[in-house]
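*Asks:* Below: one structure in structure tokens.
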DNA sequence: AGTTCTATATTGTTGAACAATCTAATCTAT
DNA sequence: ATAGATTAGATTGTTCAACAATATAGAACT
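Protein chains in written order, with our numbering: chain S, 7 to 231; chain H, 7 to 231.
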């Protein structure tokens, strides 16, 4: 189950379009709650309505899109409750990662590399890259569990979080201060200090959640619907 | 996001068939790795090939069926590695549930009710019900997290485990001894004794995983493919 | 026996069509 | 004029027939 095509060659049109829309969604190209008409979307993405329906089933299973029977599919509109839930789930899974951490685990090397890259990206003021690398860092952390299923579940949750980010305006400050937190978290893991790592993790999650929540509320106030 | 139709009235044929096949899968009506031909399955379930493809996308996103491009879809054939992974993921999520447990949490009441029902079902030698109730018990336990996303992720994992059960012959003993373990686990949670609950949980998971693994190997030896 | 080639079957996708459902505008009645 | 019922239009859910692209199985060949 660990086979992952190095270069994501898309064999089928459906999956290609699914990945494409996925990219548009987490890039914030749609407004939350926006309806995605089948006729319209099929024309826009150059596939038939039948194939598009398969794509929608794909995306809706990933939680990026909400399918309401006989009504259509709508861009997911995560609210504050969803953010709280996402961070709750993150806490459980990532706490499990801390417990599963062992010195010299391959995932630690990946985390180190991503942490360094994030540091570089910040030097270049490339905030988009910082955001992506930050998420990759935490995804790599879940790799400590050595569980494909947890990896998959976490990837889903993180994709939803990126959907939230796409709705926000000021994504810069959301990742700035957390590079240091990630570094100290990683240091604790590399040192094999579980309790300290758990504390650092909780600290990160608490701060990040609060930042996202307030940014979301700001965005909602600016654009109430 | 908390709306869940009390009685699962199926508005669309696709979802109805999806649920139907889901039931057949976890009941062990298919042999693992069996190919599900579109033409054949569409005729069998009385829907068109296009609609069936949507159903397959649904099921494949739930991990019950494996979609291989240009090859078709196959009944998932979880092996020992998958079982290990499933229990690894369970350990992480359910350990989080123990940490989230608070006295008087509604989920504890549901667990109590399910535990009692399982006890009754054992008295009636209704092992099928015992198995279902055991899973419901643990699903209710994850409800302690108050996280719809963790609930969903856990439900997915448990469905895969049921798929494994469907492949086994002697499902009776798989749940017999665990009723007591569940009861002591629940007692520890109700008493607010987290560390003890965690120990009981690990004990349950360790025993259950070993039982499933050996039963799976036995089944595989009897029917090598 | 192993390989190549060919014929067949299956999947991936399309377009048109229809019933069922929802949406929005119109029309009534108070 | 506002509230509710009615109708017309649009959208979804689903089917069918068809075709290209790929995979499978079998035949022919070395």
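All C-beta atoms, glycine included, are put in the ideal place defined by N, C-alpha and C. All figures in this text were calculated on a predicted structure; none of them were measured in a lab.
Under three-state DSSP, which class holds residue 195 of chain S?
*Replies:* Taking the first chain and counting its residues from 1, one reaches residue 195 of chain S at position 189. Looking at residue 195 of chain S - three-state DSSP - the assignment turns out to be helix.
*Asks:* Given residue 181 of chain S, which residues of its chain have a CB within under 7 Å of its CB, disregarding the five upstream and five downstream residues?
*Replies:* Working through the first chain from its first residue, we reach residue 181 of chain S at position 175. Counting only residues of its own chain and dropping the five nearest sequence neighbours on each side, residue 181 of chain S has a CB closer than 7 Å to the CB of 133, 136, 137, 140.
*Asks:* For chain S, is any of its Cβ atoms less than 8 Å away from the one on residue 26 of chain H?
*Replies:* Locating residue 26 of chain H in the second chain gives position 20, counting from the first residue. Closer than 8 Å: no.
*Asks:* Check whether chain H comes within 8 Å of residue 44 of chain S, counting only Cβ atoms and requiring the distance to be less than that.
*Replies:* Working through the first chain from its first residue, we reach residue 44 of chain S at position 38. Chain H contact via Cβ: absent.
*Asks:* Run down chain H in chain order and give the residues with a C-beta less than 8 Å from the C-beta of residue 153 of chain S.
*Replies:* Stepping through the first chain from its first residue, residue 153 of chain S is reached at position 147. The contacting residues are 91, 94, 95, 98.
*Asks:* Give the residues from the segment 189–215 of chain H that approach chain S closer than 9 Å (Cβ to any Cβ), ordered along the chain.
*Replies:* none
*Asks:* Which residues, in order along the segment 34–61 of chain S, keep a beta-carbon less than 7 Å from a beta-carbon of chain H?
*Replies:* So the list reads 56, 59, 60, given in the order they occur along the chain.
*Asks:* Check the Cβ-Cβ distances between residue 156 of chain H and every residue of chain S, and say whether any is below 8 Å.
*Replies:* Looking up residue 156 of chain H in the second chain gives position 150. Judged by the 8 Å Cβ criterion, residue 156 of chain H is in contact with chain S.
*Asks:* So, is residue 107 of chain S buried or exposed, given that buried needs 16 or more other C-beta atoms within 10 angstroms?
*Replies:* Here residue 107 of chain S refers to the residue found at position 101 when the first chain is read from its first residue. Its Cβ being crowded by 16 or more others within 10 Å, residue 107 of chain S is buried.
*Asks:* Does the Cβ-Cβ distance between residue 39 of chain S and residue 103 of chain S come in under 8 Å?
*Replies:* The residue you call residue 39 of chain S lines up with position 33 of the first chain. The residue you call residue 103 of chain S lines up with position 97 of the first chain. Result no, Cβ atoms of residue 39 of chain S and residue 103 of chain S do not sit closer than 8 Å.
*Asks:* Which runs of the alpha helix (DSSP H), 4 residues or longer, sit entirely within the segment 105–169 of chain H?
*Replies:* 112–129, 133–148
*Asks:* Identify the contact partners of residue 64 of chain S in chain H, using a Cβ-Cβ distance below 8 Å as the criterion.
*Replies:* By one-based count along the first chain, residue 64 of chain S stands at place 58. Under the 8 Å cutoff, chain H gives 63, 67.
*Asks:* Closer than 8 Å, CB to CB, is residue 12 of chain S near chain H or not?
*Replies:* For the purposes of this step, residue 12 of chain S is taken as the residue at position 6 of the first chain. Low confidence applies here, because residue 12 of chain S scores a pLDDT of 46, under 50, leaving its location unreliable and the question unanswered by this model.
*Asks:* From S:29, S:77, S:90, pick the residue whose C-alpha is nearest to that of residue 216 of chain S; which is it?
*Replies:* The residue labelled residue 216 of chain S in the question sits at position 210 within the first chain. For the residues S:29, S:77, S:90, the minimum Cα distance to residue 216 of chain S belongs to S:90.
*Asks:* Given this structure, state the Cα-to-Cα distance separating residue 85 of chain H from residue 151 of chain S, to the nearest angstrom.
*Replies:* Locating residue 85 of chain H in the second chain gives position 79, where the first residue counts as 1. Locating residue 151 of chain S in the first chain gives position 145, where the first residue counts as 1. Rounded to the nearest angstrom, the two C-alpha atoms are 19 Å apart.
*Asks:* When you compare only the Cα positions, how much space is there between residue 36 of chain S and residue 172 of chain S?
*Replies:* Walking along the first chain from the start, residue 36 of chain S turns up at place 30. Walking along the first chain from the start, residue 172 of chain S turns up at place 166. Annotation: residue 36 of chain S to residue 172 of chain S spans about 9 Å, alpha carbon to alpha carbon.
*Asks:* Mind checking whether residue 174 of chain H and residue 221 of chain H have CB atoms under 8 Å apart?
*Replies:* For this step, residue 174 of chain H is matched to residue 168 along the second chain. For this step, residue 221 of chain H is matched to residue 215 along the second chain. Inclusion of residue 174 of chain H and residue 221 of chain H in the CB contact set at 8 Å is warranted, their separation being smaller than that value.
*Asks:* Residues of chain H with CB closer than 7 Å to the CB of residue 76 of chain S, please, in chain order.
*Replies:* In the first chain, residue 76 of chain S corresponds to position 70, counting from 1. In chain order: 17.
*Asks:* For residue 74 of chain H, does the count of other Cβ atoms within 10 angstroms reach 16, so buried, or fall short, so exposed?
*Replies:* Position 68 of the second chain, counting from 1, holds the residue named residue 74 of chain H. Burial call: exposed.
*Asks:* Find the residues of chain H that neighbour residue 101 of chain S, judging by a C-beta separation of less than 9 Å, and give them in chain order.
*Replies:* Within the first chain, numbered from 1, the residue matching residue 101 of chain S stands at position 95. Under the 9 Å cutoff, chain H gives 98, 101, 102, 105.
*Asks:* Tell me the residue span of the alpha helix (DSSP H) that contains residue 51 of chain H.
*Replies:* Here residue 51 of chain H refers to the residue found at position 45 when the second chain is read from its first residue. For residue 51 of chain H, the enclosing alpha helix (DSSP H) starts and ends at 44–51.
*Asks:* May I ask you to report which of helix, strand or coil DSSP gives residue 78 of chain S?
*Replies:* Walking along the first chain from the start, residue 78 of chain S turns up at place 72. Reduced to three states, the DSSP call for residue 78 of chain S is strand.
*Asks:* Reducing DSSP to helix, strand and coil, say where residue 57 of chain S ends up.
*Replies:* Mapped onto the first chain, residue 57 of chain S falls at position 51. Three-state result, residue 57 of chain S: helix.
*Asks:* When you compare only the Cα positions, how much space is there between residue 223 of chain S and residue 81 of chain S?
*Replies:* The sequence position of residue 223 of chain S within the first chain is 217, counting from 1. The sequence position of residue 81 of chain S within the first chain is 75, counting from 1. Rounded to whole angstroms, residue 223 of chain S to residue 81 of chain S spans 18 Å at the Cα level.
*Asks:* Is the segment 51–63 of chain H touching the segment 18–31 of chain H, taking contact as three or more C-beta pairs under 8 Å?
*Replies:* yes
*Asks:* If you compare alpha carbons, which of H:79, H:26, H:68 is closest to residue 160 of chain H?
*Replies:* For the purposes of this step, residue 160 of chain H is taken as the residue at position 154 of the second chain. Comparing Cα positions, the closest option is H:68.
*Asks:* Give me, in chain order, the residues of the same chain whose beta-carbon lies closer than 7 Å to that of residue 121 of chain H; leave out the 5 immediate sequence neighbours on both sides.
*Replies:* The sequence position of residue 121 of chain H within the second chain is 115, counting from 1. For residue 121 of chain H, where only same-chain residues beyond five positions count, the Cβ hits under 7 Å are 143, 188, 189, 192.
*Asks:* Going by the beta-carbon positions, is the gap between residue 65 of chain S and residue 63 of chain H smaller than 8 Å?
*Replies:* Working through the first chain from its first residue, we reach residue 65 of chain S at position 59. Working through the second chain from its first residue, we reach residue 63 of chain H at position 57. No, the Cβ-Cβ distance between residue 65 of chain S and residue 63 of chain H is not below 8 Å.
*Asks:* Looking at the structure shown, is residue 220 of chain S part of a helix, part of a strand, or coil, going by DSSP?
*Replies:* What you label residue 220 of chain S is simply residue 214 of the first chain in a count that begins at 1. Residue state, collapsed to three classes: helix.
*Asks:* Going by C-alpha to C-alpha distance, which of S:156, S:45, S:109, S:127 sits closest to residue 199 of chain S?
*Replies:* The sequence position of residue 199 of chain S within the first chain is 193, counting from 1. Answer by Cα proximity: S:109.
*Asks:* Do the CB positions of residue 197 of chain S and residue 206 of chain S come within less than 8 Å of each other?
*Replies:* In the first chain, counting from the first residue as 1, residue 197 of chain S sits at position 191. In the first chain, counting from the first residue as 1, residue 206 of chain S sits at position 200. Not a contact, by the Cβ cut-off of 8 Å.
*Asks:* Within the continuous alpha helix (DSSP H) that includes residue 21 of chain S, where are the two ends?
*Replies:* The residue labelled residue 21 of chain S in the question sits at position 15 within the first chain. Element bounds for residue 21 of chain S: 19–32.
*Asks:* Take residue 119 of chain S as the anchor and find which of S:95, S:98, S:93, S:146 has the nearest alpha-carbon.
*Replies:* For the purposes of this step, residue 119 of chain S is taken as the residue at position 113 of the first chain. Closest by alpha carbon: S:146.
*Asks:* At least one CB of chain S closer than 8 Å to the CB of residue 163 of chain H: is that the case?
*Replies:* By 1-based counting over the second chain, the position of residue 163 of chain H is 157. Yes, residue 163 of chain H lies at the interface with chain S (some Cβ there is under 8 Å from its Cβ).
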